[in-house]
Amino acid sequence: MSDDAGIGGHVPVMLERVLELLGPALSGPAPVVVDANLGLGGHSEALLAAYPSLHLIGIDRDPFAIDFSTRRLAPYAERTTLVHASSADLADVLARTGRTAIDGALFDLGVSSPQLDEAERGFAYSYDAPLDMRMDTSQELTAEQVVNTYSAAELTRILRDYGEERFAPRVASLIIKERAKEAITSTKRLADIVRDAIPAATRRTGGNPAKRTFQALRIEVNAELSALEAALPAALDALVLGGRVVVLSYHSLEDRLTKQALTARTRDTSPPGLPVPLPAHQPRFRLLTRGAELPSDEELARNPRAASARLRAAERIRVDD
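Here my numbering is used: position 286 in the sequence shown is 429, and no number is missing along the way.
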């Protein structure tokens, strides 16, 4: 999620393409869209402005995002329902709002600009700040707790699986060694430890060596992948015939989960060799994108933080009898 509109002047990531893909699903008299990662509300504002009868349900676990978007979307207050919750609770949110059938769903995954830019949030290795990384500041688990209490095996697992860090055992081992001297409580100290753990030859390329470790810790603290694993299927289940979903992801783990979830719904699962396909095994969805779409050069010039964005979309073409 990289949305600086209203703060740095940047537009939401791939906004025109998002509107283009969701548009055909929103032509009915009272369409409903879920923005599962509300952030600063840039995509939501554009959707509400473009479709005067649209009702938008916005979900975010960050209280700042809910507060900011409440003010930003005030002109559309009668057509918005903003909920402080994890996207993992999407099905529950729909049930509580009484809107269990939706026409569109948008997932703008990852970390938002304010979370990165506010040093005290502890998301960025470029600032010296407390190790926090909580999107929902009311939860207990922080990056500091992970770094100082997880075993070497647990740290290795999350660094390898969530950060795709090939030197995960070395980084985990040095974290264990250094925290035995004194608790690791700041982003700068952790970044320095990671740098020292990475071989010098590797440090010369690929940007800041702490990037993968910080990504892994952020995903662990906020249970980001498990939230997507719960929320995306729930959104797909709620889509009406002709309903559409758009997913913006920012690293390979999110994109892989998205691809798997969409592919599973767009595949014919009939047993091989049958003379005719079985209706119960026919795809319920069709892909709207060929692979993952990338931002244009113009988009990147306008918003460099969109560089890692990958967009996938699908449409419901069948409903269960």
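Glycine included, every Cβ here is placed at the ideal spot set by N, Cα and C.
Through-space distance from residue j to residue i, alpha-carbon basis
i      : j      : result
LEU197 : LEU382 : 15 Å
VAL419 : SER413 : 9 Å
ALA272 : ARG300 : 25 Å
THR243 : LEU400 : 24 Å
LEU165 : ARG408 : 18 Å
GLY359 : THR330 : One detail in the question is off: residue 359 reads as Ala in this sequence, not Gly. When rounded, the distance between both Cα atoms is 14 Å.
LEU384 : PRO426 : 13 Å
ARG461 : SER187 : 27 Å
ASP440 : ARG160 : 14 Å
ALA366 : ARG222 : 30 Å
ILE209 : ALA228 : 10 Å
ALA334 : GLN288 : 16 Å
SER294 : THR345 : 25 Å
LEU391 : SER451 : 10 Å
ASN291 : PRO218 : 46 Å
TYR465 : ALA189 : Lying before the first or after the last residue shown, residue 465 is absent from the chain, which here runs from 144 to 464.
THR356 : PRO415 : 44 Å
Residue i (DSSP reduced to helix, strand or coil)
i      : result
VAL419 : coil
ILE200 : strand
SER451 : coil
ARG399 : helix
SER281 : coil
THR224 : strand
PHE428 : strand
VAL383 : strand
ILE209 : helix
ILE245 : strand
GLU442 : helix
ASN351 : coil
TYR473 : Outside the shown range of the chain, which is 144 to 464, sits residue 473, and nothing can be said about it.
LEU368 : helix
PRO155 : coil
SER230 : helix
Any non-hydrogen atom of the ligand FAD within 7 Å of residue i CB
i      : result
ALA168 : Absence of the ligand FAD from the depicted structure is noted, as is the absence of any ligand whatsoever, leaving it without description.
Sequence-distant residues of its chain with Cβ nearer than 6 Å to residue i (five each side left out)
i      : result
GLY151 : Caution applies to GLY151, whose pLDDT of 42 falls short of 50 and renders its modelled position unreliable; the model cannot decide the point.
GLU442 : ALA449
LEU421 : SER413
Close-in-space but distant-in-sequence residues of the same chain around residue i (CB under 7 Å, 5 per side omitted)
i      : result
ALA179 : ILE202, SER230, LEU233, ALA248, LEU249, PHE250, ALA374, ALA378
ALA193 : LEU162
ALA435 : ASP398, ARG453, LEU454, ARG455
GLY149 : In this predicted model, GLY149 has a pLDDT of only 43, less than 50, meaning its place in the structure is not dependable enough to derive any value.
GLY171 : ASP246
HIS424 : ASP411, THR412, SER413
THR285 : LEU274, ASP275, MET276, ARG277, VAL364
ALA311 : THR299, LEU302, ARG303
GLU297 : none
ARG84  : Any answer about residue 84 is impossible in this case: the structure gives the chain only from 144 up to 464.
Bounding residues of the alpha helix (DSSP H) (the contiguous stretch that carries residue i)
i      : result
LEU465 : With the chain covering 144 to 464 only, the question about residue 465 has no answer from this structure.
ASP235 : 233-240
ARG355 : 354-365
ARG160 : 158-165
THR292 : 286-292
ARG461 : Neither: ARG461 is in no alpha helix (DSSP H) and is coded neither H nor E.
ARG410 : No alpha helix (DSSP H) contains ARG410, which DSSP labels as neither H nor E.
ALA217 : Segment: none, ALA217 is in no alpha helix (DSSP H) and carries neither H nor E.
ALA344 : 343-346
Beta-bridge partners of residue i, as assigned by DSSP
i      : result
PRO273 : SER329
VAL390 : PHE250, ARG455
ILE319 : The partner list for ILE319 (beta bridge, DSSP) is empty, contrary to what the question assumes.
ALA175 : At residue 175 the sequence reads Val, which differs from the Ala that was named. Paired residues: HIS198.
GLU436 : LEU454
Neighbourhood of residue i by C-beta distance below 8 Å, restricted to the same chain and skipping five residues each side
i      : result
ILE336 : VAL314, LEU317, ILE318, GLU321, ILE327
PRO174 : ALA168, TYR194, SER196, LEU197, HIS198, ASP246, GLY247
ARG387 : LEU164, LEU165, PRO167, ALA168, ASP246, GLY247, ALA248, LEU431, ALA456, ALA457, GLU458, ARG459
LEU368 : TYR305, ILE362, LEU396, GLU397, LEU400
ILE341 : PHE310, ARG313, VAL314, PRO352
LEU181 : SER187, GLY201, ILE202, ASP203, ALA208, ILE209, SER212, LEU225
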